[in-house]
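Okay, so here's the structure we're looking at.
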Amino acid sequence: MPYQDLRDYAEELARRDLLHVIDERICKDTELVPLVRLQFRGLEEAQRKAFWFRDVTDARGHDFDASVMLGSLGCSRQVYAAALGVDPADIGAKWASVHGHHLPPVPVTRDRAPVKEVVIKSPDLGRGIDIFPHLISTPGFDPAPYLTAGVWVTRDPENGDYNLGIYRGMIKAPDRIGCATDVSTQHLAIQWEKARRLGRDLEVAEFIGGPPALLLAAASKVPYGVDEYGLAGALNGAAIEVVEAETVDCLVPAGAEIVIEGRIRTDILEPEAPFGEASGYLGPRKMEKVFEVQAITHRRDPIYQGIISEFPPSESSVMRKVAFDAIYLNHLRDACNIPSVTQV
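Residue numbers for the sequence shown follow the numbering used here, beginning at 36 and rising by one.
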């Protein structure tokens with residue numbers, strides 16, 4: 036059954052007994068991520084579950100209207116399979132079935148888009164993005180809270196092609212986010228360089244939460260120019276509903292929990308990091324791109340979604356492994372014509 040949004044998906048996780056719902060008050064700066072990370076240290080993969088924290092505060096005692104969901108995409112093969120709406124044994128077949136069968140997104144009007152329930156625009160941003168419980172992944176080492184599951188929606192400045200990608204975002208100010216693309220071959224970095232050569236900033240809309248297929252598509256390694264919206268629709272089993280952004284020329288998921296709009300400056304870079312990398316070490320501080328916020332839309336009482344990253348095993352490492360296993364299996368059996376291969 037296709038998911039309309041993150042809330043539909045949470046119901047399915049609960050039905051499969053893959054979701055811990057925590058109503059005890061918890062600090063997002065010192066306790067939340069370390070608690071969820073513990074299951075990667077002491078539990079077998081099949082025992083890991085997603086967490087939904089519904090009473091979140093920060094180190095200063097500020098309470099948030101938003102709840103936090105963590106571990107909901109790739110803490111185990113079982114959770115990853117739930118995100119695709121299949122059994123774990125069918126993950127590879129699901130990925131194989133969508134090849135060449137993408138479903139373009141379906142535009143809807145603003146009144147049918149839950150993410151438009153609350154609209155905040157510059158110059159009246161107020162507390163800006165500080166109204167959301169951005170997470171500290173490694174207390175004592177992270178220089179700031181980070182967006183770890185935000186999907187950055189951008190368009191090629193030359194032909195308008197969409198790109199959806201997950202890049203970490205360093206919270207610098209209520210209206211300012213650092214964007215780490217790391218290497219020049221990342222698709223957002225390619226578009227940024229095109230915009231820089233044209234002498235303009237790169238418009239962006241970053242969303243948090245939504246049908247899980249959107250994040251799995253955004254995290255996949257598809258060729259440049261492939262529309263991840265179409266891939267996500269195929270993975271979801273139904274086209275993704277999208278709506279026009281408020282201030283930039285982008286379509287955003289109508290069922291997202293949060294959308295942050297603005298521009299990535301092409302005339303300046305700023306220090307970003309250190310932050311934990313997949314190698315298990317802190318990556319060094321470097322100069323990276325800057326996203327200036329000009330509008331925010333969100334659902335009432337939004338669910339803020341994050342990903343357990345950094346030191347493996349982690350949610351991001353499981354997501355990569357499961358996806359690559361499926362790709363290699365299909366390649367060996369189909370492209371290489373070795374039908375005797377049954378598992379990777």
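Backbone N, C-alpha and C define an ideal beta-carbon position, used for all residues, glycine too. These numbers come from a predicted model, not from an experiment.
- Rounded to whole angstroms, V103 and G213 show a C-alpha spacing of 21 Å.
- C-alpha of Q329 to C-alpha of L223: approximately 19 Å in a straight line.
- Comparing C-alpha distances from G204 to each of E312, V325 and D159 shows the shortest one belongs to V325.
- Membership of P69 in the alpha helix (DSSP H) is indicated by the continuous run L67 to R72.
- Setting aside the 5 residues that flank it on each side, M322 is surrounded in the same chain by L304, each with a C-beta closer than 6 Å to its C-beta; the list follows chain order.
- By the CB criterion at 8 Å, R145 and V294 fall outside the cutoff.
- Assignment of G244 by DSSP, reduced to helix, strand and coil, places it in the coil class.
- Taking the Cβ atoms as the reference, G109 lies roughly 12 Å from K84, outside the contact range of under 8 Å.
- Check the Cα spacing between E281 and each of V153, F310, D360 and G234: the tightest is with V153.
- Annotation: N198 is outside any alpha helix (DSSP H); the continuous beta strand (DSSP E) that includes it extends over Y197 to I201.
- Rounded to whole angstroms, the separation of the alpha carbons of K156 and D210 is 11 Å.
- Annotated three-state conformation of F88 is strand, per DSSP.
- In the structure shown, E281 falls within a coil segment according to DSSP collapsed to helix, strand and coil.
- When DSSP states are grouped into helix, strand and coil, R211 belongs to the strand group.
- Closest option to A131, judged by alpha-carbon separation, among H366, V379 and T377: H366.
- In the same chain as F310, and ignoring 5 residues on each side of it, the C-beta atoms closer than 6 Å to its own belong to G318, in chain order.
- Distance between A252 and G265, taken at the CA atoms: about 9 Å.
- By the neighbour-count criterion, in which a residue is buried when 16 or more other Cβ atoms sit within 10 angstroms of its Cβ, V376 is exposed.
- Note on geometry: alpha-carbon atoms of I57 and P69 lie some 15 Å from one another.
- Distance from the CA of D90 to the CA of A81, rounded to the nearest whole angstrom, comes to 27 Å.
- About 7 Å separates the beta carbon of D40 from that of P149, a gap short enough to meet the 8 Å contact definition.
- Nearest neighbour of R231 by Cα position, chosen from Q113, P247, T301 and D98, turns out to be T301.
- Annotation: D122 to R235 spans about 46 Å, alpha carbon to alpha carbon.
- In the three-state reduction of the DSSP assignment, D302 falls in the coil class.
- Counted as a single uninterrupted DSSP element, the beta strand (DSSP E) harbouring H333 occupies residues K321 to H333.
- Following the DSSP letters along the chain, one finds Q226 inside the alpha helix (DSSP H) bounded by residues H222 to R232.
- Taking C-alpha positions only, I243 is separated from D165 by approximately 14 Å.
- At a Cβ-Cβ threshold of 8 Å, E241 and R298 do not count as neighbours.
- According to the DSSP assignment, L286 belongs to the beta strand (DSSP E) that extends over L286 to P288.
- In the three-state DSSP reduction, H136 falls in the coil class, being neither helix nor strand.
- One alpha carbon belongs to L78, the other to I206, and they sit about 31 Å apart.
- Per DSSP, reduced to three states, the secondary structure at P149 is helical.
- Residues of the same chain with a CB within less than 7 Å of the CB of S349, apart from the 5 flanking positions on each side, are F75 and I343 in chain order.
- Rounded to the nearest whole angstrom, the CA to CA distance from G163 to I331 is 8 Å.
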